[in-house]
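Peer 1: Here it is: the structure, laid out below.
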Amino acid sequence: MLKYSSWQLIKNILDLLKPYRLRFWLASLIRLLGDLAWLYPAFAFASIITFLTHYKPGDSLNYLWLILGLWLAAGLVRSFSQFFSKYLGYRVAEKLAMDSNLKTVRHLFRLDMAWHERENSGNKIKRIQNAGDGFNKILRLWFNSIIEVSVNLIAINIIISRFDQTVLIVLIIFLITYFFISAAMTRRAGAASYRVNAQEENVNGLLLEAINNIRTVKVMSMAKILLAALIKGTDNLLEKLKIRIFWYQSRNAFLSFWTIAFRLGLTFIIIRGILAGRYEIGFLILFSSYFSELRMSIDELSTASIDLATSKISIARMQNILNEPIIIDDEKGKLALPPDWRKITVKNLAFSYGENKVLEDISFTVRRGEKVGIVGLSGAGKSTLFKLLLKEREEFSGDILFDSLSIKQIRKNDYFKQTSVVLQETEVFSFSLKDNITITNDQEKSNQKLLKQALATAHIADLADKLPRGLDTLIGEKGIKLSGGEKQRLGIARAIFKQPQILLLDEATSHLDLESEEKIRDSLHKFFKNVTAIIIAHRLTTIKEMNKILVIENGRIVEAGNFAELHSSRGKFYELWEKQKL
C-alpha cells in the first residue's frame, strides 16, 4: 500500500490550485459568510421562545420584529452564499480534475517504454480517472460540507460556552471521542477501499483489453474464456466490496449510537438546570437546535471523511504513477543530435531481458546516406535492436554512437525530430486519414505538396479515393476500418510526411501483397536517396538494393555484406533467400 500522508494530499491540492487560488478563496469566503449567518436562526428561535414566556399583553413587539427581520436577512445571505460559492467553487473543482488528468497523462507520455510494457492500459486509465474524480470530490466536499461543518463545530461551541461551561465540556469530550473512534475505524475502511480500487483497476484493465481486441475475441472464439476471467475478477471484487461495506457501515452504526447517547445525556443536564432555575427554557431550544446542527455536521463529517479517505486512496494510486522516474525522456544534461553527423556506430552492443540474453556483441557502422538491411529468423533479436535504436530502452552495454556522441546523451525529442519510423504494427488513431498522416509533422500540416508526395510514395491515394469522404474520412478506433496492408501504407505515408534524416522500418511491408509491395518498394527506394535507412526485412526482396545487409542469429551478427556478396557466399543469407523462393 502506497504511503501517502494527508499533508502530501493537501500539498498536491494547493499545487493544483495555484492558477485558481483567487477564485477558490473568494468562493470559500462567500460560503463562510453564509454559514456564519445561518447560525442565527437557532438563536432567533430560542430568543422568540424566551420572549414569549415573559410576554404580557401590551408589551412592545419591536424586539420580536427585529428577530424575525434578522432571521429573514440570514436566510437571504445563506441562499445567495450557497449559489455563488458553489457556482465559483464547482468550476474550480472541475478544472482541478482536468489539470490532474493532463498532468498525469503528460508524465505518462515521458515514462520509459519498459514501464508501459509492465503496466495494463486499462489499469492506467482507471487510475487517472479515479484520481481526477478524487480531486473533484474533495473540492466539492470543501464547499458542500467542510466549511459548514467547521463553522458549526467552532462557532456553536463558542455560543454554548456563553451559557454553560459544563455543557461545553461534555460537548468537547463528545467531539474528541467521536473524532478518534472515527479515525480508527476509517483507517480500517480505507485499507479495504485501497484493495477494492486495486482489484477494480485489474478488472477494468482486462475489460479494456478485451474491447480493444474485440475482433480477435470474436474470430478466435475467446469470449467464453475472457468472460470467465472477468467473472472471476468481479467475484473477487465483490468479496473485497463486502469487506469495505462492512467496515464503513459498522463505523456509521457505532458513531450514530455514540451521538444519541451523548445527546440524551446533555439534554438531561439542561433539563435539570431549567428545573433548578439556572437556565431559561429558551436554552433547551437553543441547545436542541444547535445539537441537531452538530449532529448533522458530524454525520456530514462522517460521510465526508469516508469520501475523503476513498479520494485520498485514488489520488495516492495516481501519485504512484507520478513518482515513477523519467529516465530516457529526461533532458537534463543531454545534447542535441548534431545536424552534421557523419556515421552511426553500433559498438559491442549487448542487451538482456532479465536472465535472457537477446543481443550479444553487436557491432556495425552505418554511414550517413547508407541503406542497411537487417534479416534473421523470428526471435533472433532484430526487433530488440530496433527498440534500442528507437531509444525505448537504455539498460544495454556497449554503445550506439552518432560520430562520438552516445545515443544516451541525445535528447529524445531532438532525436525524433530527425528520425521517423514505420513499425511492424502501425498504430492508428480515431482521426481522419489525413490527420493520421500529418500528425507527425504539425509545422507542415497544410503542406499539400508534401502530403501528395507521402500519399504517392505509400500508394495510399487509391485507398483515399475509396473512402466516403476521401482523406477526411474518420477511420475508426485503432484503424478498424482498414486492412493490415492499408495500415502499413498509412504508416509509411506518416513516416515520409515527417521528412526525416533517419528512417527506421520494422518489417514495414510484411502485411502487403506482392504487387503492392513491389510498387511501394520502388517508390521507397527513390525516397531513400535523401535519408539514412535501417530496415528490418521479412521479405528479403525488400533489401536487395541495400548498401549493406546484416544477418542476425541468436542475438549475434553472423554475416554482413551487400546482396551479391552474401548470395555468392552461400551462407545463412543464401539459405534464407532460397527458402523464400520456394
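Residue numbers for the sequence shown follow the numbering used here, beginning at 575 and rising by one. Backbone N, C-alpha and C fix where the C-beta goes; we use that ideal spot for every residue, glycine too. Just so you know, these numbers come straight off a predicted model, no measurement behind them.
1) So within the segment 980-1027, which uninterrupted beta strand (DSSP E) runs reach at least 3 residues, ignoring any that extend past its ends?
2) Ordered along the chain, which non-local residues of its own chain (more than five positions away) have a Cβ less than 7 angstroms from that of K592?
3) Measuring alpha carbon to alpha carbon, tell me which residue in T919, A924, A1038 is nearest S980.
4) Tell me, to the nearest whole angstrom, how far the beta carbon of L715 is from that of D881; I am working on the premise that it is less than 8 angstroms.
5) My output table needs one value for F970: the three-state DSSP class, helix, strand or coil.
6) How about T790 and R942: do their beta carbons lie closer than 9 angstroms?
7) Report the rounded CA-to-CA distance for I785 versus N778, giving the unit in angstroms.
8) Ignoring anything shorter than 3 residues, give me the beta strand (DSSP E) runs that lie fully in the segment 602-638, in order along the chain.
9) Any contact of the segment 702-709 with the segment 843-862, i.e. 3+ C-beta pairs under 8 angstroms?
10) Give every residue of the same chain whose Cβ lies closer than 8 angstroms to the Cβ of I855, excluding the five residues on either side of it in the sequence, and list them in chain order.
11) With H, G and I counted as helix, E and B as strand and the rest as coil, what does DSSP make of D935?
12) With I1117 and I1123 assumed to form a contact (beta carbons below 8 angstroms), what rounded beta-carbon distance in angstroms separates them?
13) Whole angstroms is fine: what's the gap from G1129's alpha carbon to S957's?
14) Output yes or no for whether 9 angstroms exceeds the beta carbon distance between D977 and L923.
15) Check whether the Cβ atoms of N620 and L860 sit closer than 9 angstroms, and answer yes or no.
16) What alpha helix (DSSP H) runs, 4 residues minimum, are completely inside the segment 739-796?
17) Could you give the uninterrupted runs of the beta strand (DSSP E) lying entirely in the segment 859-947, keeping only those of 3 residues or more?
18) Any idea if M575 is buried or exposed, counting beta-carbon neighbours within 10 angstroms, 16 or more meaning buried?
19) Of the choices N987, I743, S952, whose alpha-carbon is the least far from that of L964?
20) Roughly how many whole angstroms lie between the Cα atoms of D935 and K921?
21) Does the beta-carbon distance from L546 to F598 come in below 9 angstroms?
22) Considering only the beta carbon of each residue, do L613 and I788 sit closer than 9 angstroms?
23) Which of the three DSSP states is assigned to G807 in this structure?
24) Could you check whether L782 and A803 sit closer than 9 angstroms to each other, using their CB atoms as the reference points?
25) Would you call P1074 buried or exposed, if buried means 16 or more other Cβ atoms sit within 10 Å of its Cβ?
26) Just to confirm, are E1133 and K1153 a CB contact at a threshold of 9 angstroms?
27) Do you know whose CA, among A883, R652, V679, lies nearest I584's CA?
28) Verify whether the separation of the beta carbon atoms of I1034 and E1060 is less than 9 angstroms.
29) For M687, count neighbouring C-beta atoms within 10 Å of its own C-beta (all shown protein chains included) and say buried if the count is 16 or more, exposed if not.
30) Return the residue from the list A772, I587, R684 that minimises the CA-CA distance to I712.
31) Report yes or no: do the segment 758-775 and the segment 689-702 share at least 3 C-beta pairs separated by less than 8 angstroms?
32) Name the residue from Q1027, E999, R701 whose alpha carbon lies nearest to the alpha carbon of Y768.
33) Helix, strand or coil for R692? Go by DSSP, reduced to three states.
34) I think A1028 touches F1071, with their Cβ atoms under 8 angstroms apart; what is that distance to the nearest whole Å?
35) So, is T740 buried or exposed, given that buried needs 16 or more other C-beta atoms within 10 angstroms?
36) Checking 9 angstroms against the spacing of the C-beta atoms, do I984 and L1056 come in under that value?
Peer 2: Answer, in terms of the structure:
1) Listed in chain order, the complete beta strand (DSSP E) runs (minimum 3 residues) inside the segment 980-1027 are 993-996.
2) By 1-based counting over the sequence shown, the position of residue 592 is 18. Within the same chain, no Cβ atom closer than 7 angstroms to the Cβ of K592 is found once the five residues on either side in sequence are excluded.
3) If you number the sequence shown from 1, residue 980 lands on position 406. Considering only alpha carbons, the answer is T919.
4) The residue you call residue 715 lines up with position 141 of the sequence shown. The residue you call residue 881 lines up with position 307 of the sequence shown. Between D881 and L715 the Cβ distance is about 6 angstroms, and since that is below 8 angstroms, they are a contact.
5) The count along the sequence shown starts at 1 and reaches residue 970 at position 396. Coil.
6) Start at 1 with the first residue of the sequence shown, and residue 790 comes out as number 216. Start at 1 with the first residue of the sequence shown, and residue 942 comes out as number 368. No, the pair does not count as a contact, with Cβ atoms beyond the cut-off.
7) For the purposes of this step, residue 785 is taken as the residue at position 211 of the sequence shown. For the purposes of this step, residue 778 is taken as the residue at position 204 of the sequence shown. Those two C-alpha atoms are separated by around 10 angstroms.
8) Fully enclosed beta strand (DSSP E) runs of 3 or longer: not present.
9) Taking 8 angstroms as the limit for Cβ pairs, the verdict is that the segment 843-862 does not touch the segment 702-709.
10) Here the question's residue 855 lines up with position 281 in the sequence shown. I623, T624, T627, I848, listed in sequence order.
11) Residue 935 sits at position 361 when you count from the first residue of the sequence shown. Three-state DSSP puts D935 in a strand.
12) Position 543 of the sequence shown, counting from 1, holds the residue named residue 1117. Position 549 of the sequence shown, counting from 1, holds the residue named residue 1123. A Cβ-Cβ separation of about 6 angstroms places I1117 in contact with I1123 under the 8 angstroms criterion.
13) Within the sequence shown, the letter at position 555 stands for residue 1129. Within the sequence shown, the letter at position 383 stands for residue 957. Here the alpha carbon of G1129 sits roughly 11 angstroms from the alpha carbon of S957.
14) Residue mapping note: residue 977 aligns to position 403 of the sequence shown, counting from 1. Residue mapping note: residue 923 aligns to position 349 of the sequence shown, counting from 1. The answer is no: Cβ separation not under 9 angstroms.
15) Here residue 620 refers to the residue found at position 46 of the sequence shown. Here residue 860 refers to the residue found at position 286 of the sequence shown. The sequence given here has Ala at residue 620, not Asn. Contact flag set, yes.
16) The DSSP assignment places complete alpha helix (DSSP H) segments of no fewer than 4 residues inside the segment 739-796 at 739-786, 788-793, in order along the chain.
17) Segments of the beta strand (DSSP E) lying fully in the segment 859-947: 917-927, 930-941.
18) Taking the first residue of the sequence shown as 1, we reach residue 575 at position 1. Only weak support exists for where M575 lies, its pLDDT of 49 falling under 50; the coordinates are left without a value.
19) Position 390 of the sequence shown, counted from the start, is the residue given in the question as residue 964. Nearest of N987, I743, S952 to L964, Cα basis: N987.
20) If you number the sequence shown from 1, residue 935 lands on position 361. If you number the sequence shown from 1, residue 921 lands on position 347. If you take the alpha carbons of D935 and K921, they lie about 8 angstroms apart.
21) Lying outside 575 to 1156, the shown extent of the chain, residue 546 is not represented and no answer is given.
22) Counting from 1 along the sequence shown, the entry for residue 613 is found at position 39. Counting from 1 along the sequence shown, the entry for residue 788 is found at position 214. Their beta carbons are not under 9 angstroms apart, which means L613 does not touch I788 by this criterion.
23) By one-based count along the sequence shown, residue 807 stands at place 233. Three-state DSSP puts G807 in a helix.
24) Numbered from its first residue, the sequence shown carries residue 803 at position 229. Numbered from its first residue, the sequence shown carries residue 782 at position 208. The Cβ atoms of A803 and L782 lie no closer than 9 angstroms to each other.
25) Residue mapping note: residue 1074 aligns to position 500 of the sequence shown, counting from 1. Label assigned to P1074: buried.
26) If you number the sequence shown from 1, residue 1133 lands on position 559. If you number the sequence shown from 1, residue 1153 lands on position 579. Between E1133 and K1153, the C-beta spacing is not below 9 angstroms.
27) For this step, residue 584 is matched to residue 10 along the sequence shown. Among A883, R652, V679, the Cα nearest to that of I584 belongs to A883.
28) Taking the sequence shown and counting its residues from 1, the one referred to as residue 1034 is at position 460. Taking the sequence shown and counting its residues from 1, the one referred to as residue 1060 is at position 486. Yes, they are a contact pair.
29) Position 113 of the sequence shown, counting from 1, holds the residue named residue 687. Classification for M687: exposed.
30) Mapped onto the sequence shown, residue 712 falls at position 138. Here the closest residue by C-alpha is I587.
31) Of all C-beta pairs linking the segment 758-775 to the segment 689-702, three or more are shorter than 8 angstroms, placing the two stretches in contact.
32) Start at 1 with the first residue of the sequence shown, and residue 768 comes out as number 194. Minimum Cα distance to Y768 is reached at R701.
33) On the sequence shown, residue 692 is found 118 positions in, with the first residue counted as 1. Secondary structure of R692 (DSSP, three-state): helix.
34) As a working note, residue 1028 is residue 454 in the sequence shown. As a working note, residue 1071 is residue 497 in the sequence shown. Under the criterion of beta carbons closer than 8 angstroms, A1028 and F1071 qualify as touching, at roughly 4 angstroms.
35) Translated into positions along the sequence shown, residue 740 becomes position 166. So T740 counts as exposed.
36) What you label residue 984 is simply residue 410 of the sequence shown in a count that begins at 1. What you label residue 1056 is simply residue 482 of the sequence shown in a count that begins at 1. No. Outside cutoff.
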